[in-house]
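Scroll down for the structure; my scribbles are underneath it.
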Amino acid sequence: MIKTHLKKRIEMIIEAPLEINIIDLFDELSVKGYTIIPAIFGRGQEGVWRGDGLISGAGQMIVIVSILDPARVEEILSRLYEFMKNRIGIITISDVEVIRDEHF
Amino acid sequence: MIKTHLKKRIEMIIEAPLEINIIDLFDELSVKGYTIIPAIFGRGQEGVWRGDGLISGAGQMIVIVSILDPARVEEILSRLYEFMKNRIGIITISDVEVIRDEHF
Amino acid sequence: MIKTHLKKRIEMIIEAPLEINIIDLFDELSVKGYTIIPAIFGRGQEGVWRGDGLISGAGQMIVIVSILDPARVEEILSRLYEFMKNRIGIITISDVEVIRDEHF
Amino acid sequence: MMDQLLILVLENITSPVVLFFVLGVGASMLRSDLEIPQAAARLLAIYLMLAIGFKGGAAVATTGIELRLITTLISCAILSFVTPVIAYFLLQRISKLPAIDIAAVSAHYGSISVVTLAAAIQALAQLGIEYEGYIVAAAAVMEFPAIISGLWLAHHYTEVKRTSNGGLLRHVFLNGSIVVLVGAFAIGWISGEKGLTEVAPFLVDPFKGVLCLFLLDMGLVAGRGFRDQGQAIGPREIGFGMLMPLISVGLASVFVMFLELSAGGTALIFTLAASASYIAVPAAMRLALPHAKPSIYLTMSLGVTFPFNLTIGIPIYITIAMSFG
Amino acid sequence: MMDQLLILVLENITSPVVLFFVLGVGASMLRSDLEIPQAAARLLAIYLMLAIGFKGGAAVATTGIELRLITTLISCAILSFVTPVIAYFLLQRISKLPAIDIAAVSAHYGSISVVTLAAAIQALAQLGIEYEGYIVAAAAVMEFPAIISGLWLAHHYTEVKRTSNGGLLRHVFLNGSIVVLVGAFAIGWISGEKGLTEVAPFLVDPFKGVLCLFLLDMGLVAGRGFRDQGQAIGPREIGFGMLMPLISVGLASVFVMFLELSAGGTALIFTLAASASYIAVPAAMRLALPHAKPSIYLTMSLGVTFPFNLTIGIPIYITIAMSFG
Amino acid sequence: MMDQLLILVLENITSPVVLFFVLGVGASMLRSDLEIPQAAARLLAIYLMLAIGFKGGAAVATTGIELRLITTLISCAILSFVTPVIAYFLLQRISKLPAIDIAAVSAHYGSISVVTLAAAIQALAQLGIEYEGYIVAAAAVMEFPAIISGLWLAHHYTEVKRTSNGGLLRHVFLNGSIVVLVGAFAIGWISGEKGLTEVAPFLVDPFKGVLCLFLLDMGLVAGRGFRDQGQAIGPREIGFGMLMPLISVGLASVFVMFLELSAGGTALIFTLAASASYIAVPAAMRLALPHAKPSIYLTMSLGVTFPFNLTIGIPIYITIAMSFG
Ligand SMILES: Nc1ncnc2c1ncn2[C@@H]1O[C@H](COP(=O)(O)O)[C@@H](O)[C@H]1O
Ligand SMILES: Nc1ncnc2c1ncn2[C@@H]1O[C@H](COP(=O)(O)O)[C@@H](O)[C@H]1O
Ligand SMILES: Nc1ncnc2c1ncn2[C@@H]1O[C@H](COP(=O)(O)O)[C@@H](O)[C@H]1O
Ligand code: NA
Ligand code: NA
Ligand code: NA
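Residue numbers (my numbering), protein chains in the order written: chain A, 13 to 116; chain B, 13 to 116; chain C, 13 to 116; chain D, 36 to 360; chain E, 36 to 360; chain F, 36 to 360.
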């Protein structure tokens, strides 16, 4: 049987112009890896937005996924939470398993 | 330690032309938030499709993600299931944790 | 109450040119369904890439999601792992619930 | 006439427009990674419909509205409504597909393909043959009725229960391609010859080149369809996909006799009749008949009938139309 | 003058450019699935800014740099800085919106809309009226100051605490649309008339046609805004959205008196003053004032003021400018 | 000759084509949010290859097939095969990179860059210098051999074990850019002068303008590469990236002596030899040598050699080619 290791999957939905800030934050925190996925439409407390609605991408939302070692979640999450406090978007955390422990 | 709250993450993969219908359904059910992500290729029981295959986007699939309060899952899921019964696509449910309880 | 069934959700982040190979592998293993989602930016051990950085899509990454029957995970995962061993990318596994058991 | 037809066919299949389609089919059958991004393909499609619509409207502005315009539109609507019924019973004879798929396929053959129309317009331009501007309006009018009769067939001859169609009517009448075609037609009409001159460097001059690029994409899509879904249909269905256009033209020729159109206009009506939808109708069918298989109706319309019309169909229709004059 | 204005308005609202905008609004209000993919819309937007910038630069290369250029740019910068203050106090009177939203809206009205400028340039070309090439540089200069005074208003009159603005300045000064506009202006300047001739078949001839297609998309976006967010604003805000452009033109006319511009140049400065940003400023506001509601400022700028300027505003500004000469 | 070269360089680096590239590099180094959507960039890339291929084919259709065509193609294939070997041993001397990265880099320098070719064609047009149409075919022929010798080097001089290459050959020979280039060349050949006239308003007239826009995007990509991955290479690798093109030209001049090409044709062969691939070869390397670092070979090819060729390389090659005549 393949041995798997428990990690945490953090998924953030944020505004595209903040991408640079999150990346800088991840750099600062030495987050090993992450992936950014586009979103096309959404609704939340601040109402509706859609990716094709703004020519400049200013109102575009993106999904940032990062698989983290559980030991680091607390620290990283608190920083992300602080950054997001006054901003539009959500953060969720879930359990995932991976094969290559050392990769994350 | 940051306190987190348990929520349910619903992920639906459906045909793009049904987007409007699902949004209307979510409105009717007062679902607080959701996000739509594009898909580019897929296979299921009904065979293969690809997003670039149809000029009109008629055959395009999309992924709809919604983080829900567990108390509301039963009701919303049954309505979604009913809508999807005769249609192409899938629904999955998983556990996630969030920080801002009142947001969902 | 709606009865749900436990499945495994496999999520792979790989390079777009390998899409064909993974699809062929899934065909060989008779994987019933999967969906491919685009990614736009990422970082991992091999450094940074971005989807818009290469005109040919050679450096593009994609996310492949497949909901599998738990009984089949072991076999499929070991084949995927073998394929990925020398390549750039990650694989994660998580629990999800579905309604239509026979669909997966 | 046979000679002339052969020459036309030869000229047509060596035109850049058709050759780019062939290039696309070849590339995707060989699994090349060549790909025109979907966003780009949609932009090209919108451009083509906008250009066709605008030019048609501007042409009507010059000639003015006539009785023939009205009678042509009515005839075309009837043609579109009737064709699926014929297609349904013919395909039921020929093929062993489930009734629901037959109904879905039938709707496609009553409706039309704007890109096939574009290729025919290009072929006429090549030959220096004139046509009536309002044929474009006929194209818009022929999109819907087929959907209604196709659905009626499905509901009458199969067990399909009426589902809440999820805004089917809106999808059908407000389908993006129809909105652009009809809207640009109206704007072209209002703007007239003067408006056309202003937008000509964008909408008229590069038209043929853009059509080439778009047909490269259509070829890629059709080739991928064969590869992924080729097994969905057999020789009987392929035969139908090439026979049905000719039957539609036969039917159309009855109507056309009374319409006093120019040879070019007649050729375009034949082309519309012969062409099968792969944009508006598939979208409608996925909503209204979710159990009809897209792999069947798309492969037939895009993989069989479209290439047939593009290569030898159009020259045939032009030849027949000219013998009518 | 009233007669002339009426004729201008009529000619303007029946021009293809405006009609395509109307088509887009109509299509999306009726929930058509017509959609110009975002990637395509951005390409069109970049094209428009590149073309406007390049032509402006090439024009300056022919006329040479003059004192009026400098004084015009300085005047425009001041205009952009002052306008939000007026807008702020006016809107505070008229509407019951929270102060932070009022500040955010104000910043939009001090800044400018390049697409409105493009439509005005097109209208002048239609009427055969000349204008100074450096007006394009004025457009670039007017983008920023409004943001700064808008933020100052927000910080002074509301409880907003200064957040780490997440690279706001970079976002403002290196905003993509400004980089393209200013960069293409500089390149056009360096390349001069000769360079313009070489790229004219791409940047000049098809310009109007591309503008039509882009305005179709703008119409779709504006219509969707009404549908999704129409309830975000009321009649008072709509009134402001149509009144404010006229006040801005009034203010601009004070400056323009000293600038000795041609009638065309004056009309374009009026148009810039009257137009409200929907690209650079919204982006800046989301970063700097995340609690100001995009649904309010976008609906006002894109849903009210843009259509107002596009349809009857531009003819009014041209008429006033011509009476100035 | 030195004078003439200086004038050529100056004229070249102040051409809009190069200036837009510089604008792109500057914008992304300063972290502007300017971005040409990937779908749009791919459309532009396909357009450029289609236009180059079609024009080349149409040119061959007029001149007819000649012996020199065959000998040129064979020479170019050999050139492409040999160059990586020279590059490998040179880079091994100069740099301390792992052998596998050196092999991967080498393959890039044997292959070619179509956009560099496009810029050189544009520069020749500017100077009114003619060239042989079949050079485009040479470009297609030079794409592959370098990949094969690059992989051979990797397998011979490193520990790389042959993996199942995941359809490498298909990726190499059916690479989208090659399919478009060769396909459009063939279609241009079949359609000839007449076909070219029909598509000229799309494929010929706007070519230079589109090239400007595309080079803006190339500049953005190259600048981002520096920013994200600049530290991947050092001064030794940068030196190699500017030296190697000159060595390739030296090698090419041996072949060219026997080919009796026009000065323009010679300049284009030099440009092809000097240019390094950043589309076909990176794609092949990621499949065949997944452990070679893209950050190294892409930064060298796109970040060093491409700008070098674009700015001062092309004028140098034209000057040398003219002294050959
Ligand atoms: N419950 C939710 N489920 C999924 N996505 C959400 C949810 N709430 C918010 N979002 C996403 O996050 C964006 C901003 O949310 P908000 O800050 O609530 O306006 C929305 O536009 C959605 O794309
Ligand atoms: N097991 C699965 N895992 C992931 N995606 C799936 C799965 N099954 C179906 N899908 C997605 O849902 C679409 C429709 O599925 P189906 O209704 O089975 O044809 C497919 O084209 C896939 O994109
Ligand atoms: N920890 C992670 N979380 C999310 N995505 C990751 C992670 N690590 C790697 N990736 C993605 O996988 C790609 C390849 O990773 P690598 O093989 O580590 O270079 C990266 O560019 C990311 O898109
Ligand atoms: Na038909
Ligand atoms: Na303004
Ligand atoms: Na080379």
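Glycine is no exception: its CB is placed at the ideal position from the N, C-alpha and C atoms.
This structure is a prediction, so every number in the text was calculated from the model and none was measured.
{"Check": "By how many angstroms is the C-alpha of I170 of chain D removed from the C-alpha of L40 of chain D?", "Outcome": "23 Å"}
{"Check": "So, does the CB of P325 of chain E fall closer than 7 Å to a CB anywhere in chain A?", "Outcome": "yes"}
{"Check": "Would you say the beta carbon of R55 of chain B comes nearer than 6 Å to a heavy atom of ligand 2?", "Outcome": "yes"}
{"Check": "What's the gap between the Cα of A28 of chain A and the Cα of S212 of chain D?", "Outcome": "31 Å"}
{"Check": "Using a Cβ-Cβ cut-off of less than 7 Å, list which residues of the region 205–237 of chain E approach chain F; keep chain order.", "Outcome": "R205, H206, L209, N210, G211, V214, V215, G218, I222, I225, S226, G230, E233, V234, P236, F237"}
{"Check": "When we look at the beta-carbon of K229 of chain F and count the other beta-carbons within 10 Å, is it buried (16 or more) or exposed?", "Outcome": "exposed"}
{"Check": "What separation, rounded to the nearest whole angstrom, lies between the Cα atoms of P329 of chain F and A257 of chain F?", "Outcome": "13 Å"}
{"Check": "When the cut-off is 7 Å and only beta carbons count, does L89 of chain B lie next to chain C?", "Outcome": "yes"}
{"Check": "Between the C-alpha atoms of G276 of chain F and V120 of chain F, what's the straight-line distance to the nearest angstrom?", "Outcome": "15 Å"}
{"Check": "Tell me where the beta strand (DSSP E) around Y46 of chain A begins and ends.", "Outcome": "46–50"}
{"Check": "Would you mind reading off the limits of the alpha helix (DSSP H) that contains T301 of chain E?", "Outcome": "298–309"}
{"Check": "Hey, would you say the C-beta of I102 of chain A is under 6 Å away from at least one heavy atom of ligand 1?", "Outcome": "yes"}
{"Check": "Residues of chain D with CB closer than 7 Å to the CB of P29 of chain B, please, in chain order.", "Outcome": "H206, A318, R321, L322"}
{"Check": "Can you list, in chain order, the residues of its chain with a C-beta nearer than 6 Å to that of L250 of chain D? Leave out the 5 residues immediately preceding and following it.", "Outcome": "V52, F55, F56"}
{"Check": "Closest Cβ-Cβ distance between S330 of chain E and chain A: below 7 Å?", "Outcome": "yes"}
{"Check": "Within 7 Å of any Cβ in chain D, is that where the Cβ of K243 of chain E sits?", "Outcome": "yes"}
{"Check": "Beta-carbon of A155 of chain E versus every beta-carbon of chain D: anything under 7 Å?", "Outcome": "no"}
{"Check": "Starting from R112 of chain A, find everything on chain E with Cβ-Cβ shorter than 7 Å and list it in chain order.", "Outcome": "Within chain E, no residue comes near R112 of chain A; the closest Cβ sits about 34 Å away, beyond 7 Å."}
{"Check": "Compile a chain-ordered list of the residues in the region 63–81 of chain E whose CB is closer than 8 Å to at least one CB of chain F.", "Outcome": "P72, Q73, A74, A75, R77, L78, I81"}
{"Check": "Measure the C-alpha to C-alpha separation of G101 of chain B and R112 of chain C and round it to an integer number of angstroms.", "Outcome": "11 Å"}
{"Check": "Answer with yes or no whether the minimum CB distance from S68 of chain A to chain E is below 7 Å.", "Outcome": "Because the pLDDT of S68 of chain A is 49, which lies under 50, any placement of that residue in the model is unreliable, and the number read from its coordinates should be weighed accordingly. Cβ-Cβ to chain E under 7 Å: yes for S68 of chain A."}
{"Check": "If I'm right that A327 of chain F touches M320 of chain F with Cβ under 8 Å, what's the distance once you round it to whole angstroms?", "Outcome": "6 Å"}
{"Check": "Under a three-way DSSP split, which group does S68 of chain A fall into?", "Outcome": "Because S68 of chain A sits at a pLDDT of 49, beneath the cut-off of 50, its placement in the model cannot be relied upon, and the following sentence gives the value as read from the coordinates. Coil at S68 of chain A, not helix or strand."}
{"Check": "Just to make sure I have the definition right: I need the residues of chain C whose C-beta is within less than 7 Å of the C-beta of D136 of chain F. Which are they?", "Outcome": "Neighbours of D136 of chain F on chain C: none; closest Cβ ~13 Å, over 7 Å."}
{"Check": "Excluding the five sequence neighbours on either side, which residues of its own chain have a C-beta within less than 7 Å of the C-beta of F261 of chain F, listed in chain order?", "Outcome": "M64, G338"}
{"Check": "Against H115 of chain A, what residues of chain C qualify as contacts under a CB-to-CB distance less than 7 Å, listed in chain order?", "Outcome": "Q57, I102"}
{"Check": "Taking the C-alpha atoms as reference points, what is the distance between S68 of chain B and L79 of chain F?", "Outcome": "Caution is warranted here: a pLDDT of 49 is assigned to S68 of chain B, below 50, making its placement in the model unreliable, and no coordinate value can be reported."}
{"Check": "From I222 of chain D to A122 of chain F, what does the alpha carbon distance come to, in whole angstroms?", "Outcome": "60 Å"}
{"Check": "Sorted by chain position, which residues of the same chain lie with C-beta nearer than 7 Å to V215 of chain D's C-beta, five sequence neighbours on each side aside?", "Outcome": "I81, M84, L85, G88"}
{"Check": "As a quick exercise: from F:F343, F:A235, F:E167, pick the residue whose alpha carbon is nearest that of I304 of chain F.", "Outcome": "F:E167"}
{"Check": "Starting from the C-beta of S115 of chain D, find all residues in its chain whose C-beta is less than 6 Å away, skip the five residues before and the five after it, and write them out in chain order.", "Outcome": "G145, M177, P180, A181"}
{"Check": "If we ignore side chains and look at the alpha-carbon of each, how far apart do R271 of chain F and M279 of chain F end up?", "Outcome": "12 Å"}
{"Check": "Residues of chain D with CB closer than 9 Å to the CB of V43 of chain B, please, in chain order.", "Outcome": "Ordered by position in chain D, no residue passes the 9 Å Cβ test against V43 of chain B, which lies about 18 Å from the chain."}
{"Check": "Does any CB atom of chain F fall closer than 7 Å to the CB of V60 of chain C?", "Outcome": "yes"}
{"Check": "Look up G269 of chain E in the DSSP assignment and say whether it is helix, strand or coil.", "Outcome": "coil"}
{"Check": "Please classify T47 of chain C: is it buried, with 16 or more other beta-carbons within 10 angstroms of its beta-carbon, or exposed?", "Outcome": "buried"}
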